[in-house]
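Count along the sequence shown from 1, then add 1223; that gives the number in our numbering. Think of the CB as a built atom: it goes at the ideal place given N, C-alpha and C, for glycine as much as any other residue.
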Amino acid sequence: MTSKELPSSGMLPVSIGPSQSSILVLVGGASTFKLCHWVLLHSVPRAAMSGTLWIVKTTLPGEMNEAEVGMWCQSIIESNLAACVDIKRINSVFRWEGEIHNALEWDIQMKTSESSKNGLISKIKSEHSYDVPQIVWWSVESTKEYYNWVQG
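Structure representation (structure tokens):
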């Protein structure tokens, strides 16, 4: 199908980014403005695409010394929940219980696979000393060789 052709069903496929996910938009036939009545998102599972990994990030309290942080990170590697952990000392500014705080913390970034991501997040939640720990994650593309290494 060329970009000028519309499928007979009235569904218009639209590419929405480098992930090659697609969006299907149903276009109303009677309207001269072709209003969208319905949107269905359809995406290829990211785990099915080779080279896609996850970075999971948290912070640890600045009161922990380097050896304690190292042991915490080593336990992540030993549990096979991440292939690599990056550790940096950072200064964080944040609001907690209505007050602005400035504190030293440890920035922890872990590279993991789709199959290990949820287990890693659960381990962080269960072992973290903060009431509300920062746990964020995002998918990244990598070389096939690095992807294979992270997969184990």
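Residue i: buried (16+ other C-beta within 10 angstroms of its C-beta) or exposed?
i, result
"L1283", "buried"
"K1340", "buried"
"E1323", "Rather than Glu, the amino acid found at residue 1323 in this sequence is Ile. Exposed is the call here."
"A1305", "buried"
"S1244", "Low local confidence applies: a pLDDT of 39 at S1244 is under 50, so the model's placement there is unreliable, and no value is given."
"F1256", "Per-residue confidence for F1256 stands at a pLDDT of 38, beneath the threshold of 50, marking its modelled position as unreliable; the derived number appears in the next sentence. Exposed: under 16 other Cβ atoms inside 10 Å."
"S1352", "exposed"
"K1367", "exposed"
"N1371", "exposed"
Just to check my reading of the structure: residue i and residue j have Cβ atoms closer than 8 Å, yes? What is that Cβ distance to the nearest angstrom?
i, j, result
"L1276", "V1363", "6 Å"
"I1331", "T1281", "5 Å"
"S1302", "K1346", "7 Å"
Of the choices the options, whose alpha-carbon is the least far from that of residue i?
i, options, result
"K1334", "V1373, V1292, E1328 and L1327", "V1373"
"N1288", "K1367, H1351 and E1328", "E1328"
"V1316", "N1371, G1285 and S1352", "G1285"
"Q1357", "E1368, R1318 and K1367", "R1318"
"C1296", "Y1370, D1354, E1320 and L1343", "L1343"
"D1354", "M1294, S1336 and E1320", "E1320"
"M1294", "S1336, N1325 and E1350", "E1350"
Less than 7 Å between the beta carbons of residue i and residue j, yes or no?
i, j, result
"G1274", "S1338", "no"
"I1278", "W1361", "yes"
"V1292", "I1299", "no"
Would you mind reading off the limits of the alpha helix (DSSP H) that contains residue i?
i, result
"N1379", "In this structure the chain extends from 1224 to 1375, so residue 1379 is not present and cannot be described."
"S1301", "The residue you asked about is not Ser; residue 1301 is Glu in the sequence shown. Note, E1301: alpha helix (DSSP H), E1289 to E1301."
"V1355", "Segment: none, V1355 is in no alpha helix (DSSP H) and carries neither H nor E."
For the beta strand (DSSP E) that residue i lies in, which residues bound it at each end?
i, result
"N1325", "E1322 to T1335"
"L1214", "The requested residue 1214 does not occur in the structure, where the chain is confined to residues 1224 to 1375."
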